[in-house]
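Taking it in order: structure first as structure tokens, then the write-up.
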Amino acid sequence: MRGLDFLAAECDGWERRWNYGMAVADGALVGPDVDRVDVVVALGVVAVEGACMNGIITEVHPDELVRLDARERNYDRVDVTDGVRLLEEGPSIADLGRVVTYVPRQVALDIYLDGRDRGRAGIERRYWDLVDGAFDALLPGQGERYRSTTPASDVPVVDANRAGR
7 MRGLDFLAAE CDGWERRWNY GMAVADGALV GPDVDRVDVV VALGVVAVEG
57 ACMNGIITEV HPDELVRLDA RERNYDRVDV TDGVRLLEEG PSIADLGRVV
107 TYVPRQVALD IYLDGRDRGR AGIERRYWDL VDGAFDALLP GQGERYRSTT
157 PASDVPVVDA NRAGR
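Heads up, the sequence shown is in this note's numbering, so the first residue is 7 and it goes up one at a time.
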């Protein structure tokens, strides 16, 4: 629930990039563009001096963090507490404790770069729409801020989605 489970925030020193690559096996994608891609690209973040990205923060319990780390296995968990400010009323950052983000590891960046360079990488249309809509729902003006501060992808958005998603 917004304002309780999820809080709108911004974080200094980071920007989003379409740079996280995941290799997909034959038959793992469904849709009309399945023959175009063998690497699915997701949104990542990179450290950029002077940058500020918007997004959300949410509380993750220690037992959930173990599962989240396993899910995000090709990301490094990075403490960004000192750069975070809330964009809405709620508990203070001090009350929340440590705030982290997940930064793509080199292996994920290499998969993305290889797929891009071979012309075989793409962003799932379902994921693209989900991310775009989430920022529109965040707070007034935050969708436009997301679109204006996230560099354009250098791979296409494709009508191919991981089966079951």
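In this text, a Cβ means the ideal position worked out from N, Cα and C, and glycines have one as well.
For residue i, the residue or residues it bridges with in DSSP
| i | result |
| --- | --- |
| isoleucine 62 | Ala14 |
| tyrosine 26 | Ala48 |
| tyrosine 108 | Arg83 |
| glycine 128 | Val46 |
| glutamate 180 | A query on residue 180 cannot be resolved here, the shown segment of the chain reaching from 7 to 171 and no further. |
| valine 90 | Cys17 |
| valine 113 | For valine 113, which the question treats as bridged, DSSP gives no partner whatsoever. |
| valine 72 | In DSSP, valine 72 forms no bridge with anything. |
Check whether residue i and residue j have beta carbons under 9 Å apart
| i | j | result |
| --- | --- | --- |
| valine 109 | valine 52 | yes |
| methionine 28 | alanine 169 | no |
| valine 163 | alanine 127 | no |
| glutamate 6 | glycine 19 | There is no way to answer for residue 6, as the model of the chain reaches only from 7 to 171. |
| valine 72 | aspartate 120 | no |
Where residue i falls: helix, strand or coil (DSSP)
| i | result |
| --- | --- |
| alanine 143 | helix |
| valine 164 | strand |
| alanine 57 | strand |
Distance between residue j and residue i (C-alpha atoms, nearest Å)
| i | j | result |
| --- | --- | --- |
| threonine 106 | arginine 22 | Residue identity differs from the one stated: residue 106 is valine in this sequence, not threonine. Valine 106 and arginine 22: Cα-Cα distance of roughly 15 Å. |
| cysteine 17 | valine 40 | 36 Å |
| valine 84 | glycine 125 | 31 Å |
| isoleucine 99 | aspartate 142 | 23 Å |
| methionine 7 | alanine 15 | Per-residue confidence for methionine 7 stands at a pLDDT of 45, beneath the threshold of 50, marking its modelled position as unreliable; the derived number appears in the next sentence. Computed Cα separation, rounded: 15 Å. |
| glutamate 78 | tyrosine 26 | 11 Å |
| cysteine 58 | alanine 34 | 35 Å |
| isoleucine 129 | valine 47 | 5 Å |
| aspartate 11 | aspartate 135 | 22 Å |
| leucine 49 | arginine 132 | 13 Å |
| valine 36 | alanine 166 | 5 Å |
| aspartate 123 | isoleucine 62 | 32 Å |
| glutamate 70 | alanine 76 | 10 Å |
Same chain, Cβ closer than 7 Å to residue i, neighbours up to 5 away in sequence not counted
| i | result |
| --- | --- |
| glutamate 94 | Gly9, Leu13, Ala14 and Leu145 |
| histidine 67 | none |
| aspartate 88 | none |
| proline 38 | Asp165 |
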